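Using UniProt numbering, the final residue of the sequence shown is 110, and nothing's skipped along the way.
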Amino acid sequence: MDTDLVIAAIADPSRRRILDALRLRDGQSVGELTEALAPLGRHAVLKHVGVLESAGLIVSQKQGRVRRCHLNAVPIVQLAERWIDDFGARASAGLLALKSDLEKEKHHDR
Numbered sequence: 001m002d003t004d005l006v007i008a009a010i011a012d013p014s015r016r017r018i019l020d021a022l023r024l025r026d027g028q029s030v031g032e033l034t035e036a037l038a039p040l041g042r043h044a045v046l047k048h049v050g051v052l053e054s055a056g057l058i059v060s061q062k063q064g065r066v067r068r069c070h071l072n073a074v075p076i077v078q079l080a081e082r083w084i085d086d087f088g089a090r091a092s093a094g095l096l097a098l099k100s101d102l103e104k105e106k107h108h109d110r
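Structure below.
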């Protein structure tokens, strides 16, 4: 894994939106991602997909004329493991769960 490539790839908000879209529904076509990232055009989305592929964050597969993109979370997990030990990961997971619960309560009270 090239850490610099992964960090540079996820630094861009549009590329993070692509990763988020694939996290919600993996295997989307470039056309579907273009719709999700409007107002970005197809060429811009293809460029971002290329950067994400170079970083190993997505894998695309052609099916006829359609190019399907699949999320590969391994490089992100490797980054996390590089800087977070097991204790820190468990503590962070607990804090994130608490944050999520509090946000749900706050949203529910509105």
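All C-beta atoms, glycine included, are put in the ideal place defined by N, C-alpha and C.
Here the structure is a predicted model, which is why all the values come from computation and not from measurement.
Quiz item: Where in the UniProt domain "HTH arsR-type" (5-85) do unbroken runs of the alpha helix (DSSP H), each at least 4 residues long, occur, reported from the N-terminal end onward?
Solution: If we require 4 residues or more, the alpha helix (DSSP H) runs fully inside the UniProt domain "HTH arsR-type" (5-85) come out as 13-24, 30-36, 42-54 and 74-83.
Quiz item: Whose C-alpha, out of R17, R82 and R23, is nearest the C-alpha of P39?
Solution: Per the Cα distances, R17.
Quiz item: Got a sec? Which residues, its chain only, sit under 8 Å from L46 by beta carbon, not counting five neighbours each side?
Solution: The residues are V30.
Self-check item: Short Cβ contact (7 Å threshold) for A21 with A36
Solution: Going by C-beta atoms, A21 is nearer than 7 Å to A36.
Quiz item: Which same chain residues, not among the five before or five after V59, have their C-beta less than 6 Å away from its C-beta?
Solution: Excluding residues within five positions, the ones whose Cβ falls inside 6 Å are H70 and N72.
Quiz item: Is D101 helix, strand or coil by DSSP?
Solution: If DSSP states are grouped into helix, strand and coil, D101 belongs with the helices.
Practice problem: Using only alpha-carbon positions, find the residue among A93, A44 and L52 that is nearest to I76. | Solution: Of all alpha-carbon atoms in A93, A44 and L52, the one lying nearest the alpha-carbon of I76 is that of L52.
Self-check item: Length of the line joining the Cα atoms of R25 and L98
Solution: Each residue's Cα considered, the two are about 26 Å apart.
Quiz prompt | Nearest candidate by alpha-carbon position, reference Q28, set Q61, G50 and P13 | solution = For the residues Q61, G50 and P13, the minimum Cα distance to Q28 belongs to Q61.
Quiz item: Are M1 and Q78 closer than 7 Å when you measure CB to CB?
Solution: Yes. Within cutoff.
Self-check item: Three-state class that DSSP yields for residue 114 in the structure shown
Solution: Nothing can be reported for residue 114: it is not among the residues displayed for the chain, which extend from 1 to 110.
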